[in-house]
Each structure stands twice: as structure tokens, then as C-alpha cells.
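At position 125 of the sequence shown the residue is numbered 218 (the numbering used here), and the sequence of numbers has no breaks. Even glycine gets a Cβ: it sits at the ideal position worked out from N, Cα and C. Input: a single structure, listed below in C-alpha cells.
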Amino acid sequence: MGETLVVRGGRQLYGVAETPAAKNSVLPLLAASLLCDGVVRLHRVPRLSDVENSLAILRSVGCTARWTGRDVVIRPGGGLNGLLPDGPVGNMRASVLFAAPLLARTGRVETGMPGGCKLGPRPIDIHLDGLVHMGAAVKWGQQHLVLEAPRGLHGADYTLRYPSVGATESLLLAAATARGTSVLRGAACEPEIVDLAAFLTGCGADISGAGSPVIRVSGVGRLAGTEFSPIPDRIVASTLACAVASAGGEAVIRRCDPFAFAPLLAALKQAGCGVDLSAQNEVTVRRRGALCGIGRVFTGVYPGFATDAAPLLAAALLCAGGESSIEDTVFEHRFSCAAGFAAMGAAVQAQGRTLTIRPCGGLHGTTVTSPDLRGGAALAIAALAAAEPTRIENAATIARGYEDLPALLRRLGARAGWE
Ligand code: EPZ
Numbered sequence: 094m095g096e097t098l099v100v101r102g103g104r105q106l107y108g109v110a111e112t113p114a115a116k117n118s119v120l121p122l123l124a125a126s127l128l129c130d131g132v133v134r135l136h137r138v139p140r141l142s143d144v145e146n147s148l149a150i151l152r153s154v155g156c157t158a159r160w161t162g163r164d165v166v167i168r169p170g171g172g173l174n175g176l177l178p179d180g181p182v183g184n185m186r187a188s189v190l191f192a193a194p195l196l197a198r199t200g201r202v203e204t205g206m207p208g209g210c211k212l213g214p215r216p217i218d219i220h221l222d223g224l225v226h227m228g229a230a231v232k233w234g235q236q237h238l239v240l241e242a243p244r245g246l247h248g249a250d251y252t253l254r255y256p257s258v259g260a261t262e263s264l265l266l267a268a269a270t271a272r273g274t275s276v277l278r279g280a281a282c283e284p285e286i287v288d289l290a291a292f293l294t295g296c297g298a299d300i301s302g303a304g305s306p307v308i309r310v311s312g313v314g315r316l317a318g319t320e321f322s323p324i325p326d327r328i329v330a331s332t333l334a335c336a337v338a339s340a341g342g343e344a345v346i347r348r349c350d351p352f353a354f355a356p357l358l359a360a361l362k363q364a365g366c367g368v369d370l371s372a373q374n375e376v377t378v379r380r381r382g383a384l385c386g387i388g389r390v391f392t393g394v395y396p397g398f399a400t401d402a403a404p405l406l407a408a409a410l411l412c413a414g415g416e417s418s419i420e421d422t423v424f425e426h427r428f429s430c431a432a433g434f435a436a437m438g439a440a441v442q443a444q445g446r447t448l449t450i451r452p453c454g455g456l457h458g459t460t461v462t463s464p465d466l467r468g469g470a471a472l473a474i475a476a477l478a479a480a481e482p483t484r485i486e487n488a489a490t491i492a493r494g495y496e497d498l499p500a501l502l503r504r505l506g507a508r509a510g511w512e
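Okay, here's the thing in C-alpha cells:
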């Protein structure tokens, strides 16, 4: 897979596409496997660089982790070590999720700070504060953070100051085998939290309330292994829907949960797309005439409009006949892709957390740079509306969350490939 993605738009999309398993469910599930005494098998895992990165972390701390066809099989070793490897840790945000389960198993973890898309400040203070309430001691070394819990973790009644997805996952992982009961208040309600709780329950954990702001966990002595199929990726499904909205045409998106990205579908419908929940676990999206502006859109925590879908919707609205604005209440710099939109001829203005989109005279091909995972995907969506080819450089950022985005778009008739 190259570093440059080339998309030549000007052609409507038609066909059927299947949604892969959700990256943002698979990654916490891989971290959760550290808690299991038995073998863990995850089905139909997408081959993403973040997944490979996670397997490298698991192997580095003493697990065996391998692909078996489309599945991933993890066998946690007997003597896990608590040193998280700097390279993989610095490559992605989700590496922070490996700290809590490893601390629960080994009593001591050393780790660098997680990497990930540059979307603004991304501290891990809620993760750490919650772990301290569960008995961890946190020390900052020169390069590393050291977490210690020599007497293990204990339950806590803890309120998150913000419903952080990752912090909720960290604290769920810490609570699953902690001594006693935990109550996580103000927890994130995303579908990926529900999926993680379902996985842990399948391994023998005692969890209730996942998907609601109050999650109760009674710690258990041990967790067995299990087989598990992660939920479909609601952001990849959103990407496909926005691709049709941008290019025009009609597509059936299969193996998805339309209710998990309902605000995005509602926004596309308001803009003039046809959206039919044609059958269970699928949605048909079509666009014939020009789209209209949809006024002010605000992202929010689930079940609000997903922050990750904000650049994708923006790309779909660049050629709309009226004005729209999208404010991301979750991250401060969500719209780094605005420069790429403008280079293609879009009339956009990014001010703080808000991107304003006004009618333009159409988009043209050019060379742009992918700023981050969803920004890069958004540039590809925008390029579908330009008749000439667009080259998207730094496209390795896109491979973090899409197994092969050009192949996915080609399945719907797009002209897209790696250079
Ligand atoms: C997860 O990131 C996802 N990543 C993100 O998807 C997603 O955008 C985000 O949740 C929100 O839905 C994974 O699941 C791997 P947060 P996460 O903790 O856990 C602040 C993608 O494209 N915060 O809910 O990092 C933080 O600064 C990625 O797939 C603290 O202040 O999101 C941010 O402003 C991008 N302290 C806000 O909360 C903390 O300890 C949301 O962060 C933690 C977070």
C-alpha cells in the first residue's frame, strides 16, 4: 500500500459495500485480552496498521498474537511483563488502553505517552485519575509514566469529569478483575463501550449498565478466553454514505447498524439524500440532484453526531447549494482537512472548532495532504466530486482506520488507487 492515494471523481457510485469490524472496538478488545487466562479469538478483524501495532504491543509484553485467516488469535502468556514498547505506543492513541489491564495483571507498568491523530490536546488525566482511585500509584519518569499497584486494584465509585471513551474503557478494564465493586458514573455510552462490556462478560466479568452513563462492575478473580465478533464500524459506514452523497448515485451498505450512525444519516437526509433502512443491518443511501445546506451541526458524545464523522459530512456538503457549519465539541482541531478542501476549490472557513461551508463553483483535482485519519478519508470523499484526479499524500494516515479505502470505493465504481 503506497503513501499516495489517487482519486478521480466525476463518476456516480453504484453497488453494495460491506462494513468491516469497528477499529475502535477491536483495539480495546485486543487490550482486554491481556486480562484473559484463556485463548481469545476475534473474528473478521480488519487488517489496519493500528491492529498490527496492537499485536506488536501484545507480543512485546509476552502474549502470542497471530492472524488466522481474517481472525486474530491471542494467547496471553504466563509471565507478562509491564514494559509497553515505545515505538508502537507512540504510533496510536489506543496504546493507552493496554496500561490498565497490564497493571491489573502485573502490578507495574511503564509506558510512554500514546500517539494518535493530532486533533488537539489529548491528555490521559481521566484514565490516570480513575486508576489512582482504584489503588494505582502514578509516577512520571524522564520519558516514561510508571503505574504501580503492588497490592492489586480495588473497586471504586468514580465519576468521570467528561465521558471520555478511552478513559471509560481503561476503567472498565481495571474494574473487571479488581477487588470489590466499581461504579463508573458519567461514563461514555458509545457502542464500542457496550461491545467491550459484552466481550468481558463473555469472559466471565460481572458488568451492568454499559451503554448508559452509570456502569456497575463486580470484580471477579479471573477471566477466561472467548471467541467474539466485534460490532461493525459505524465510521466506515458513515464514510461510504458520505461518498455516495459526494459523488451521487446509490449504494447499499451491508453489515452495519444504521442506528449507530443515525445522526449522520439524518444530516444527509436533510441535505437531500435518500436514506432507506431497507433491511436489517443495512441501509441504502442515494443522491440524485444537488444537495442543500443544512445549517448548524454540532458533534457530541454518543448518541450525538460522532466527531469522527464531522470531516466526512463536511466533504459531502462542499458542493451543496446552501450554507452549513459543523462545530466539533469534542476535539479542538478536527478540521485540519479544510486546507485540502480549499485547495480543491471549496468555499470553507475553519474558525476554532467550527467549519463553515458555503456554495462554491464545483471542485477540481489537485494534490493535497492527509492531516489525520478521518481528514484523509474526507479528502478522498471530496475528490469524488472533482472530475480531474486528486492526489492525497501522507495517505498512510488513512490506512490506520481503513483496510484499503480505494478498494472499498472501487467496489462502488469509483476510480481510486494507490500510487
Ligand atoms: C476515541 O478516542 C476514539 N479512538 C476516537 O476515534 C474518537 O474520536 C473519540 O473516542 C471520541 O469518540 C479510539 O477509540 C481508539 P476521548 P479517545 O477520550 O478515547 C478529552 C478515530 O478516528 N480527554 O473520548 O481518545 C480529550 O482531550 C479516533 O478513530 C481528556 O481531557 O477520545 C478530548 O478532547 C479519533 N482527558 C475528549 O476528552 C482524558 O483522560 C474526547 O476524548 C481523556 C480524554
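Alpha carbon of residue i to alpha carbon of residue j, nearest angstrom
{"i": "residue 397", "j": "residue 172", "result": "42 angstroms"}
{"i": "residue 274", "j": "residue 224", "result": "14 angstroms"}
{"i": "residue 191", "j": "residue 220", "result": "11 angstroms"}
{"i": "residue 344", "j": "residue 337", "result": "7 angstroms"}
{"i": "residue 118", "j": "residue 288", "result": "7 angstroms"}
{"i": "residue 387", "j": "residue 339", "result": "15 angstroms"}
{"i": "residue 341", "j": "residue 222", "result": "48 angstroms"}
{"i": "residue 108", "j": "residue 383", "result": "20 angstroms"}
{"i": "residue 460", "j": "residue 350", "result": "34 angstroms"}
{"i": "residue 445", "j": "residue 420", "result": "9 angstroms"}
{"i": "residue 310", "j": "residue 217", "result": "22 angstroms"}
{"i": "residue 316", "j": "residue 183", "result": "29 angstroms"}
{"i": "residue 372", "j": "residue 494", "result": "26 angstroms"}
{"i": "residue 481", "j": "residue 101", "result": "6 angstroms"}
{"i": "residue 462", "j": "residue 483", "result": "10 angstroms"}
{"i": "residue 505", "j": "residue 106", "result": "5 angstroms"}
{"i": "residue 377", "j": "residue 510", "result": "25 angstroms"}
{"i": "residue 131", "j": "residue 168", "result": "7 angstroms"}
{"i": "residue 352", "j": "residue 467", "result": "20 angstroms"}
{"i": "residue 449", "j": "residue 441", "result": "6 angstroms"}
{"i": "residue 127", "j": "residue 496", "result": "25 angstroms"}
{"i": "residue 99", "j": "residue 415", "result": "28 angstroms"}
{"i": "residue 471", "j": "residue 430", "result": "7 angstroms"}
{"i": "residue 453", "j": "residue 196", "result": "53 angstroms"}
{"i": "residue 250", "j": "residue 103", "result": "55 angstroms"}
DSSP-derived helix/strand/coil call for residue i
{"i": "residue 400", "result": "helix"}
{"i": "residue 582", "result": "Since the displayed the chain opens at 94 and closes at 512, residue 582 lies outside it and no answer follows."}
{"i": "residue 253", "result": "coil"}
{"i": "residue 414", "result": "coil"}
{"i": "residue 295", "result": "helix"}
{"i": "residue 176", "result": "strand"}
{"i": "residue 369", "result": "strand"}
{"i": "residue 115", "result": "coil"}
{"i": "residue 305", "result": "strand"}
{"i": "residue 510", "result": "strand"}
{"i": "residue 96", "result": "coil"}
{"i": "residue 422", "result": "coil"}
{"i": "residue 195", "result": "helix"}
{"i": "residue 516", "result": "For the chain, the structure presents residues 94 to 512; residue 516 sits outside this window and is missing."}
{"i": "residue 325", "result": "strand"}
{"i": "residue 241", "result": "strand"}
Cutoff 6 angstroms; reference residue i; Cβ partners in own chain excluding five residues on either side
{"i": "residue 367", "result": "379"}
{"i": "residue 389", "result": "418"}
{"i": "residue 331", "result": "354, 357, 402 and 405"}
Counterpart residues of residue i in DSSP-defined beta bridges
{"i": "residue 320", "result": "134"}
{"i": "residue 247", "result": "272"}
{"i": "residue 342", "result": "106 and 380"}
{"i": "residue 456", "result": "479"}
{"i": "residue 388", "result": "417"}
{"i": "residue 164", "result": "161"}
{"i": "residue 300", "result": "310"}
{"i": "residue 204", "result": "238"}
{"i": "residue 375", "result": "372"}
{"i": "residue 232", "result": "239"}
Residues near residue i in its chain [Cβ-Cβ closer than 7 angstroms; skip 5 each side]
{"i": "residue 348", "result": "111, 112, 325 and 374"}
{"i": "residue 252", "result": "278 and 279"}
{"i": "residue 155", "result": "170, 172, 173 and 174"}
{"i": "residue 215", "result": "186 and 209"}
{"i": "residue 457", "result": "437, 438, 479 and 481"}
Close Cβ partners of residue i (< 8 angstroms) along its chain, the five nearest in sequence each way excluded
{"i": "residue 306", "result": "256, 278, 279, 280 and 282"}
{"i": "residue 163", "result": "136, 137 and 138"}
{"i": "residue 152", "result": "158"}
Cutoff 9 angstroms: residue i Cβ touching any chain B Cβ
{"i": "residue 300", "result": "Although the question refers to chain B, the structure presented lacks it and comprises just one protein chain."}
**Asked** Between the stretch 185 to 202 and the stretch 133 to 140, do three or more beta carbon pairs fall short of 8 angstroms?
**Response** Too few Cβ pairs lie closer than 8 angstroms, so no.
**Request:** Assess, as a yes-or-no matter, whether the stretch 348 to 365 is touched by the stretch 243 to 259 under the definition of 3 or more beta carbon pairs within less than 8 angstroms.
**Result:** no
**Item:** Three-pair Cβ contact test at 8 angstroms for the stretch 465 to 479 versus the stretch 436 to 448
**Value:** yes
**Prompt:** How do the stretch 141 to 148 and the stretch 181 to 195 stand: do at least 3 beta-carbon pairs fall below 8 angstroms, yes or no?
**Reply:** yes
**Prompt:** Does the stretch 293 to 302 touch the stretch 252 to 263, meaning 3 or more C-beta pairs lie closer than 8 angstroms?
**Reply:** No contact exists between the stretch 252 to 263 and the stretch 293 to 302.
**Item:** At least three beta-carbon pairs within less than 8 angstroms, the stretch 94 to 108 to the stretch 260 to 271
**Value:** Output reads no: the stretch 260 to 271 does not touch the stretch 94 to 108.
**Message:** Across the stretch 425 to 434 and the stretch 397 to 411, are there enough close Cβ pairs to call them in contact, namely three or more that are closer than 8 angstroms?
**Reply:** yes
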